[in-house]
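Each residue of the sequence shown is one higher than the one before, counting from 116 in my numbering. This report concerns only the one structure given below.
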Amino acid sequence: MNSQNQKILLQSVQYLKSVGPKRAESFKQIGINTIRELLFYFPSRHLDRSTVLTAAKAYGYVKGGYDGEVTIIAKVVDREKIHFRKKELLKIHFRDSSGFFECVWFHGTKYFYSAFKEDEIIAISSKPEINKYGNLQFVHPDFDRITEEESNNFLHTGKIIPFYRIPKELKKGFIGDLSLRRIISFAVENYADHLEETLPSEIVKQNNLIVLSDAVKNYHFPESKEKFEEAKQRFKFEELFYLEILVALRKYNYQTKLIGNEMKIKTSLVSDFLKVLPFKLTNAQLKVLGEIKNDMLSKYPMNRLLQGDVGSGKTIVSLIAALIAIDNGFQAVLMAPTEILADQHAKTISSLMKKLFSINKEHKIKISLIIGGQKKSERNEELSNIELNKVDIIIGTHALFEETVVFNNLGLVVIDEQHRFGVKQRGLLQSKGKTPDVLVMTATPIPRTISMTVYGDLDVSVIDEMPINRKPVITVLRGESKLPDIYKFILDKHKSGYQSFIVYPLVEVSDKLDLKAATDYYNKLKNTYLNNVRVGLIHGKMKWREKEEMMLLFINKKFDVLVSTTVIEVGIDIPDANIILINDAHRFGLSQLHQLRGRVGRSDKQAYCILVTNDSLASKQNFGELELDYLSTSQIEKYKAAIRLQTLVKNVDGFKVAEVDLKLRGPGDIFGTKQSGFPELKFVNLTEDMELIINTKKIAFTLINNDPGLKLPDNNIVRINLTNYYSENLKYAEIG
Ligand code: ADP
Ligand code: MG
């Protein structure tokens, strides 16, 4: 790299025209120190002539029934404060060459009053309407200031104008829309040509990418729409390329730098266990077990994701993996996201191990439980048992991360419901052993784009079949007015041995949220509708002991109905609980509802999931997953709750449910891509850019396979860029 260029770009922004030390300080607060960094502060959107209307045209469109967004460039005519019913309203009149219109603010009127000055030129963007006086009007629109010169250039030569986000740190330093655009324009004009390529030149050529300096110029001030698209394409490529390089390195290092424990099937431990299992494993369970076993017996450490819908039987699979580790003299750790789930795992696994001991006396497998809220003496005893290798399977929650937990000989790490944890946390457990095998489990299907990118270092196994004895859960949506009938149903079913969950979104009544609370309804229900059955209560604010006791009582059928919050959301396995009533169901996310529904239907009895919401929402039966493709974004936004509920009513398959969830929420939210240890994606859309992902992955993996040390002259540039701009991410790629 030409160090002269680099030196120039690494100068402080302070030396740019109209910046100076004060404004440089503001830039510093948003992480921009150098001119190079400023060049990469990209606009959030652009104003382009094809999207701008005159006021007269916009008026005509709205009259004609158009209800989308428009942009108008206009001058401020005057500002008017209007008082009515003790409230203040701000109306600003605008004009352009074709006529007048107005913008109205009901909140923050003081601020917006001073935000505008007469004769300023503003680009107004929003959904307009026609008010009762017949005038074109925008309510609380987005707006951007532009200069007379920019406006002339824009209108006459079609120049595209960038709009930048102005964080409060910049505002405080008196850097606004106009000044920031001026500063960046100066920087781009004078410094963009010093930017040197960050991708190997062969790759730039082969993929028809525009070079970095061109891309930067055109991302700020595009020569044309096409040029802007080319710039965007280049940044998308680069972003994915480096992501996949990191994925490839992580995978490569995992397989070469780390020496796994080459385990063996030494005794009859596993086969004996299969004999005492009360059921036969499904073919899908056998298939994934084969994959897991291969990993464990190989010299490479396992790094595998096990995906299987709620109730598909992942726990048993992980337990068998644990037995393989134990057969080789190792300890295994199983981490769960909640105390209740960890406790349940400990109990079911203990009882299975007792059965195993009845036919295999050579191994007495011992379990240890580590959760928050244990008594100190109890905890200390568990800790020393773990350290002295007196226990074989250690089950716990986040408490396992604590330094005081020292394993003796950790060979397997299992993480249940992995989406609740980040990569950093996974690494933390891993580092407590000497390259243990790692198995992470999730009920959420991983879309291909995710498994190829942020989860790209994991091998994936899928359980795609349910145990045969299952009947699909019957799911219905009901309005609140039907609750008395639902209680009757619960009582009726109770006579034939059914237990029920009744779920509420809150623990206690809140004055802020108008939602139903568990404690409140617990008291009401046991004295009214449900006074003839035994009702229990469980929620997150209870002490651990109380929760444990309540679950035990419910499992042992000392209660018929368990009123609860979402503490029972994941993992809980009570085969005789076959009805779940979810109140205020519209308040829960789709995957959350699917998880909650997964609490029932775990035996051969017919199970029911009753979603209850307000009567008006319950009557909207028309927006289901099928129609989703035909709805506009704004309609989806509006009908989100109805779509979620209908999706659940129509689908029992978690895969279908997850597909809709992905459309509603996007992958970042669901898969915690930010916690992945990989760089955040700013340009790429993980749901749309599939083809590019496949392409860059191939390129990056080939490159790393051929030159893992990045020693070839062509790849020099990749190595330098990784150290310069991805050092944080590189830490995770290098492993250990
Ligand atoms: P999840 O995949 O949601 O974690 P679990 O492991 O909790 O599911 O299993 C759900 C229930 O199914 C448990 O009661 C478990 O004992 C039972 N189960 C697991 N595998 C089988 C099978 N092959 N046949 C019948 N029941 C099974
Ligand atoms: Mg589970």
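We treat Cβ as the ideally placed atom computed from N, Cα and C, and that holds for glycine.
{"Check": "Under 7 Å: does the beta carbon of I407 sit that close to some heavy atom of the ligand ADP?", "Outcome": "no"}
{"Check": "Does the beta-carbon distance from G686 to A451 come in below 8 Å?", "Outcome": "yes"}
{"Check": "Rank A189, H255, L355 and I187 by C-alpha distance to the C-alpha of L796 and give the top, closest one.", "Outcome": "L355"}
{"Check": "Taking Cβ to Cβ, would you say S706 is nearer than 8 Å to D776?", "Outcome": "yes"}
{"Check": "Indicate, with yes or no, if the ligand PLP has a heavy atom lying under 7 Å from the CB of Q614.", "Outcome": "By its list of ligands, the structure shown excludes the ligand PLP, since it contains just the ligand ADP and the ligand MG."}
{"Check": "Could you tell me the alpha carbon to alpha carbon distance between T453 and S596, rounded to whole angstroms?", "Outcome": "34 Å"}
{"Check": "When the cut-off is 8 Å and only beta carbons count, does N120 lie next to chain B?", "Outcome": "Checking the listed chains, one finds no chain B in this structure; it contains a single protein chain."}
{"Check": "Hey, how far is the Cα of I374 from the Cα of M411?", "Outcome": "12 Å"}
{"Check": "Determine the burial state of T643: buried for a count of at least 16 other Cβ atoms within 10 Å of its Cβ, exposed for fewer.", "Outcome": "exposed"}
{"Check": "Is the region 596-612 close to the region 831-845, with three or more CB pairs under 8 Å?", "Outcome": "no"}
{"Check": "Per DSSP, which one or two residues make a beta bridge with K277?", "Outcome": "Correcting the residue identity first, residue 277 is Pro in this sequence and not Lys. According to DSSP, which records beta bridges pairwise, P277 is partnered with H161."}
{"Check": "In angstroms with no decimal places, state the Cα-to-Cα distance between F616 and I751.", "Outcome": "31 Å"}
{"Check": "Cβ of Y762 within 7 Å of any heavy atom in the ligand MG?", "Outcome": "For the sequence presented, residue 762 should be read as Thr rather than Tyr. False, no ligand heavy atom lies under 7 Å from that Cβ."}
{"Check": "Give a yes or no on contact between the region 545-565 and the region 421-441, applying the rule of three or more CB pairs nearer than 8 Å.", "Outcome": "yes"}
{"Check": "Could you check which residue in R365, N323 and L358 has the C-alpha nearest to that of K342?", "Outcome": "N323"}
{"Check": "Hey, is the region 227-244 in contact with the region 196-209, meaning 3+ C-beta pairs nearer than 8 Å?", "Outcome": "yes"}
{"Check": "Return yes when at least one heavy atom of the ligand MG lies under 7 Å from the C-beta of D410, else no.", "Outcome": "no"}
{"Check": "When the Cα of S887 is compared with those of A171, Q710 and H701, which residue comes out closest?", "Outcome": "The requested residue 887 is not part of the displayed model; the chain covers only 116 to 851."}
{"Check": "Bridge partners for R194 per DSSP, in chain order?", "Outcome": "I207"}
{"Check": "Leaving aside the five residues before and after L565 along the sequence, list all residues of the same chain whose C-beta is less than 7 Å from its C-beta, in chain order.", "Outcome": "Here the sequence assigns Ile to residue 565, which means Leu is not the residue at that position. Once the five neighbours on either side are set aside, the close Cβ partners of I565 are P782, F786 and L801."}
{"Check": "Between V575 and the rest of its own chain, which residues show a CB-CB distance below 6 Å, the 5 nearest in sequence each way excluded?", "Outcome": "L420 and S566"}
{"Check": "Which value, in whole angstroms, describes the spacing of the CA atoms of F669 and M657?", "Outcome": "16 Å"}
{"Check": "Relative to the ligand MG, what is the chain-ordered list of residues with a Cβ closer than 6 Å to any of its non-hydrogen atoms?", "Outcome": "K429, T430, D531 and G686"}
{"Check": "Let me check understanding here. Comparing Cα to Cα, which of G183, Y181, G180 and F209 lies closest to D193?", "Outcome": "F209"}
{"Check": "Less than 8 Å between C-beta atoms, sequence neighbours within five positions excluded: which residues of the same chain meet that for I237?", "Outcome": "I188, A189, K190, V191, F209, F231, F258, D259, R260 and I261"}
{"Check": "Answer yes if the region 359-369 comes into contact with the region 399-407, meaning at least three C-beta pairs across the two stretches below 8 Å, and no otherwise.", "Outcome": "no"}
{"Check": "With C-beta atoms as the reference, is D182 less than 8 Å away from K247?", "Outcome": "no"}
{"Check": "Using 7 Å as the cut-off, classify the Cβ of G716 as near or not near the heavy atoms of the ligand ADP, replying yes or no.", "Outcome": "no"}
{"Check": "Any idea which residues DSSP pairs D257 with across the strands?", "Outcome": "S240"}
{"Check": "Under a Cβ-count criterion, where at least 16 other Cβ atoms within 10 Å of its own Cβ denotes burial, should L741 be classed as buried or exposed?", "Outcome": "Interpretation of L741 is limited by its pLDDT of 45, a score under 50 that renders its predicted location unreliable; the figure taken from the coordinates is listed afterwards. Exposed is the call here."}
{"Check": "Quick check on DSSP: helix, strand or coil for K232?", "Outcome": "coil"}
{"Check": "CB-CB under 8 Å to V853, same chain, minus the five flanking residues each way: which ones, in chain order?", "Outcome": "Residue 853 is absent from the model: the chain starts at 116 and stops at 851."}
{"Check": "Of the residues N418, D387 and K414, which one's Cα is nearest the Cα of E477?", "Outcome": "D387"}
{"Check": "Using the C-alpha atoms, what's the distance from L358 back to A848?", "Outcome": "10 Å"}
{"Check": "Compute the Euclidean distance between the alpha carbons of I145 and K287, then round it to the nearest angstrom.", "Outcome": "12 Å"}
{"Check": "Within 10 angstroms of the Cβ of G83, are there 16 or more other Cβ atoms? Answer buried if so, exposed if not.", "Outcome": "No information on residue 83 is available, as it lies outside the stretch 116 to 851 that the chain covers here."}
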